[in-house]
Amino acid sequence: MTGGAAVPAEVCAVVLAAGEGTRLRPLTERVPKALCPVGNVPLLDRALARVAGLGLAGPDRVAVNACYLGDQVVAHVGDRAHVSVEPGDPLGTAGGVANLRDWIDGRPVLVGNADAYLADPAAAPGPDVAALLDGWDGHTVRLLGQSAADPAAPGTFSGHCFTGFSLLPWRLVRDLPVVLSDLVRALWRPAEAAGALEVVPYRGTFYDTGTPADYLAANLHAAAGGVLVDRSATVTGRCVESVVGAGARVDGDVCRTVVWPGAVVPDGERLCGVIRTADGSTVTATAHG
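For the sequence shown, position 89 (counting from the first letter as 1) is numbered 253 according to our numbering, and the numbering increases by one without interruption.
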């Protein structure tokens, strides 16, 4: 698997995109979290590009689950992947995988969170997480992780924080119930207790984009300290360390700000450390780093 070689033929991928993104509200009141843009690319597209970089593409090899504002996710994915729409409320990370049992059909599963922003300057999307599959015995649970500031903090695994991707053997997926449940308690912690969980280090940058602060930080990282402006946007004002989306118009001044597609910053307005949406909402965020 090193060097970006293709994954074994039997592995499939599931991208989790059903969540409500409650911590990101009001950004997610009209747009599902998975479709929120980072660096002018919807998070879901970043996840699909990453698994495609491993050779996993198309509805036979990749599935996406949807629930909250699911119609938008279904329309956005199109025929690029199999889509599993969960009825009622989201089933959680484990329930969402379990709901795809018939599609998975005996295969090991690479599970990715759509809201995980990953970027490694030394490797393209896909090859940057290839170590997760390299030398895998097909029996253990593997997590992609980074060293935690406090190795003993709750939510860590072998002193690491989870960074959005896991590898699960079919024997564990097969028995998951289709109920509201999460992978941490249903599979990861039991595997850890049995000595059957491995953490594979991720050397790049990771944000889970779950809060406005982390969402803004991910966008600023994607802009690499500069300005990222979609070619269809219009900028006549001052723009510093910001991301400006498709069809947006910036006549005022923006600094360390994300201007969503179709959003407007009128002349005379100054924005710093915020996200401006197409409906005119302004969400304050303090970026890390």
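We treat Cβ as the ideally placed atom computed from N, Cα and C, and that holds for glycine.
In the structure shown, what three-state DSSP assignment does residue i receive?
i	result
N383	helix
D209	helix
P272	coil
D292	helix
R402	coil
P201	strand
V343	coil
P365	strand
To the nearest angstrom, report how far apart residue i and residue j are at their CA atoms.
i	j	result
T446	R434	12 Å
G290	L331	14 Å
T448	L307	32 Å
A177	L297	12 Å
Y379	D266	34 Å
I439	A283	21 Å
F329	V273	10 Å
C403	R189	25 Å
T421	T320	31 Å
P318	W352	14 Å
A410	V418	16 Å
P315	G309	12 Å
P365	G437	31 Å
Closer than 8 Å by C-beta to residue i: which residues in its own chain qualify, once you throw out the five before and the five after it? Chain order, please.
i	result
G304	The question names Gly, but residue 304 in the sequence shown is Thr. These residues qualify, in order along the chain: P333, A355, A360, L361, E362.
L208	V179, A181, A198, L199, V228, V237, H240, V241, A278
L340	A258, G259, V261, A262, R265, A350, L351
With a threshold of 7 Å on Cβ separation, who are the neighbours of residue i within its own chain once the five nearest residues in sequence on each side are excluded?
i	result
R225	C176, A177
G270	W334
A382	V202, Y281, Y371, T373
S311	G323, H324
What residue range does the beta strand (DSSP E) around residue i cover?
i	result
G217	No beta strand (DSSP E) holds G217; DSSP gives it neither H nor E.
E356	Per DSSP, E356 belongs to no beta strand (DSSP E); it is in the alpha helix (DSSP H), 353 to 357.
D284	Counting along the chain, D284 falls outside any beta strand (DSSP E), and DSSP gives it neither H nor E.
Y371	369 to 371
Give every residue of the same chain whose Cβ lies closer than 6 Å to the Cβ of residue i, excluding the five residues on either side of it in the sequence, and list them in chain order.
i	result
C231	A182, E250, P254
T493	In the structure as shown, the chain starts at 165 and stops at 453, and residue 493 therefore has no counterpart that could be examined.
V195	none
R413	T398, V428
D346	G256, T257, A258
Quick check on the DSSP output: the alpha helix (DSSP H) that includes residue i runs from which residue to which?
i	result
H240	234 to 241
A262	256 to 262
R440	Unbroken run through R440 is the beta strand (DSSP E), 438 to 440; no alpha helix (DSSP H).
L336	334 to 337
I believe residue i touches residue j by the beta-carbon criterion, under 8 Å. Please report the beta-carbon distance rounded to the nearest angstrom.
i	j	result
P425	D415	Contact flag wrong, Cβ pair sits at about 17 Å.
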